[in-house]
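**Student:**
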Amino acid sequence: MKLKRLAAAFVAGMMAMLTLAGCSTVTLEGDDQPAVQSEEVCRVGVYSAICGDYLFTSAWGDCGGDRDLRSLLHGAENVTVVTENTYAANASVISSVSITEGDTGSRTYTYNLVSGLCFSDGSPLTAKDYVFSVLLQSSPAFGRISGDNTAYAQLEGYEAYATGESQYFSGVRMLSDSSFSLTIDEDYLPDYQEMMLTQVYPVPMAVILPGGELTDDGKGASVSGMTDEALAATLEGATGYRRMPMVTAGPYMLESVEDGVYTLAVNPYYAGGYYKRQPSISRMSVETADLTDGGEYDLIVGITGRTGIQAANKLLGADQMATAYYYDSLTVSSLGFDDSVSTEVRQALSAMLDTQQAADLLAGNWGQGAVGNIPLASSYYQSCYATMSASNTVSVDAAQLLQEVGGGEPVELTYGYDPADEEAVTVLHLLQRAAEEQPLLAIVPVENGEGTDLWYQKITYPKNWGAWQGLRGTSLEQQAAALRRTGYNANSTRYIEKLAAFEMEYLSVLPDLPLAVYRGCDLVGKRLIGYQQVDVYDDWTIWIQYTRLFVSDASESDEA
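Numbered according to the working numbering, the sequence shown spans residues 5 to 564.
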């Protein structure tokens, strides 16, 4: 990665604006947490690779390391995932929320902000920044610069706004500097995660669209100056907001990026999040973890898979890390298919591959066989396990299916893989073994190849996991939408029954072939104090905010 460094003059300039903006550092009432311990840097290694292209949003793609960085950098969301299927207004930024029913069945959520909110540079954070975030990510221009502009397709008036038919987004209203509303279109209700349909992370309009004007004359919110050129100028490039968001509202702010190492500094204007917590660790560096030298880190997070956790155990045995923390993860691995691979071939592969053997090889003792796309961290994994396990083996004649597809000739499938990825190589060996036993199947390995028929993929889902995620544009899109339209009822088994039926269809249609679900492992170094699970459905980006970094007194060391 090219050297990218934030100039000290820029930092000084931004901090000088604090008094002018009328913002002050946040002190939480009744907070008995210790003050920031030291300027010493907490060194964090992330097992999932950091791509560096998706630090603003997942609209261009995603990877696990980037998602972690987004969680640390962005905040002040109006709706927070509290636990599985439990969502609430983020009380650190929302003073009240009201819900009204529309005549046609739509539903409007009105959010009122607390006073004195600021971005990390000290500039005011207002309702305009929430509304702008929705308009930006739904705009035709955003789509034309290759961003996915469908994140708010569920809001009333989206189609007219996103296609450019209307300059107004009728379901998005800026009511005042401290109040905005979002209206969910009746066609998207009911929804199992209804409140999440209105979740917005504010973004600084002054940074992304300087000179733009956001107005609302009663027809809906509208913004001027949002052209392809204007967005490309501030979002794209090595230092654009997409890759280097320097003004954010999360617990940390980006200080510099150098040779793949992201240095973060605590955001003194962070509102505290749902738990109203400010981090104790003032600075941290985050990079893709190198498990060959764990002693370089204070924390290594998100380790999954047999080879990964075996490497973690070696670091523990060598006393390079102090302890290991295990938990059920949101990671699922599968065999991916190109659209050109027919359902019959997918079913044949499902019948030929021993998915339990695959899970044993991929996850070892730190995971289980996948019986759908439900991650181990979800309570639905256990509640649907019995039903789904019975249906995990597709009752088909693989040879007959391949015979019909290939007309008696072997069906040739290319498999793209990274030879340095041990799990991808493991799947290759399983495929080759299946081909050896079935002459009507031929597997062609392609090292680091793109555009192949098959590939191995390992996905870590977000905390608001839903079985419908990632299925847009697939053969299961309609069924996924129907599942999502189930109204949430904590006292009903209706959703679980529908989910089990959906997963059985998933294992028949096979948009991908699920292989394993995983336990996760975080390795904690000797300088960290108090690192622990705060809530089962949170991750290290929350837990680290409750952790202190111990730094020995240099003078005492000298005397000793």
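Every residue, glycine too, gets a C-beta built ideally from N, C-alpha and C.
Within 10 Å of its beta-carbon, does Q461 have 16 or more other beta-carbons around it, so buried, or fewer, so exposed?
**Tutor:** exposed
**Student:** Using alpha carbons as the reference points, say which of G368, Y550 and L532 lies closest to E44.
**Tutor:** L532
**Student:** What three-state label does DSSP hand W64 in the structure shown?
**Tutor:** Secondary structure of W64 (DSSP, three-state): helix.
**Student:** Where does Y278 sit, in a helix, a strand or coil, going by DSSP?
**Tutor:** In this structure, Y278 counts as coil in the three-state DSSP scheme.
**Student:** Buried or exposed: which applies to S137, given that a residue is buried once 16 or more other Cβ atoms fall within 10 Å of its Cβ?
**Tutor:** Residue environment: S137 is assigned as buried (16 or more neighbouring CB atoms within 10 Å of its CB, all protein chains considered).
**Student:** Which of helix, strand or coil does DSSP assign to G34?
**Tutor:** With a pLDDT of 41 at G34, under the threshold of 50, the modelled position of this residue cannot be trusted; read the value that follows with caution. G34: coil per DSSP, three-state reduction.
**Student:** Give me, in chain order, the residues of the same chain whose beta-carbon lies closer than 6 Å to that of S183; leave out the 5 immediate sequence neighbours on both sides.
**Tutor:** When the five nearest sequence neighbours on each side are left out, the beta carbons in the same chain lying within less than 6 Å of the beta carbon of S183 are those of N116 and A131, in order along the chain.
**Student:** In three-state DSSP terms, what is M356?
**Tutor:** helix
**Student:** What would DSSP say about C525, mapped onto helix, strand or coil?
**Tutor:** strand
**Student:** With three or more C-beta pairs closer than 8 Å as the rule, is the region 227 to 245 touching the region 499 to 510?
**Tutor:** no
**Student:** Thinking C-beta only, is T456 closer than 8 Å to G410?
**Tutor:** no
**Student:** At the level of alpha carbons, what is the spacing between V513 and V118?
**Tutor:** 48 Å
**Student:** By how many angstroms is the C-alpha of R74 removed from the C-alpha of L179?
**Tutor:** 28 Å
**Student:** Taking DSSP as the reference, what is the three-state secondary structure of M178?
**Tutor:** strand
**Student:** Pick from Q549, P128, V415 and P443: whose alpha carbon is nearest that of C27?
**Tutor:** P128
**Student:** According to DSSP, what are the bridge partners of A145?
**Tutor:** None, per the DSSP bridge assignment.
**Student:** Leaving out five residues on either side along the sequence, give the residues of the same chain with a beta carbon under 8 Å from the beta carbon of Q141.
**Tutor:** T61, A63, G151, N153, A155 and Y156
**Student:** What does DSSP give as the partner residues of F184 in its beta bridges?
**Tutor:** According to DSSP, F184 bridges with Y115 and M178.
**Student:** Would DSSP call G49 helix, strand or coil?
**Tutor:** strand
**Student:** In whole angstroms, what is the alpha-carbon distance linking S289 and Y522?
**Tutor:** 26 Å
**Student:** How big is the Cα-Cα spacing for M209 and T219?
**Tutor:** 13 Å
**Student:** Excluding five sequence neighbours on each side, which residues of the same chain lie with their C-beta closer than 6 Å to the C-beta of K223?
**Tutor:** Y172
**Student:** Would you call the CB atoms of A471 and A484 closer than 8 Å?
**Tutor:** Result yes, Cβ atoms of A471 and A484 sit closer than 8 Å.
**Student:** What number of angstroms, rounded off, separates the C-alpha of M19 from the C-alpha of F123?
**Tutor:** Its pLDDT being 40, under 50, M19 is placed unreliably in this model, and the coordinates cannot settle the point.
**Student:** Within the region 275 to 333, note down every full alpha helix (DSSP H) run reaching 4 residues or more, in order along the chain.
**Tutor:** Entirely contained in the region 275 to 333, the alpha helix (DSSP H) runs reaching 4 residues are, in chain order, 310 to 321.
**Student:** Looking at D422 and A381, is the spacing between their C-beta atoms short of 8 Å?
**Tutor:** no
**Student:** Just how far apart, CA to CA, sit V48 and E300?
**Tutor:** 9 Å
**Student:** If you measure between the beta carbons of G574 and I304, is that distance less than 8 Å?
**Tutor:** Summary: the structure shown does not reach residue 574, with the chain confined to residues 5 through 564, and so no result is reported for it.
**Student:** Is the beta carbon of A374 less than 8 Å from the beta carbon of S344?
**Tutor:** no
**Student:** Kindly indicate the opening and closing residues of the alpha helix (DSSP H) around M200.
**Tutor:** Careful: M200 lies outside any alpha helix (DSSP H) and carries neither H nor E.
**Student:** Hey, would you say V555 sits closer than 8 Å to W547, going by beta carbons?
**Tutor:** no
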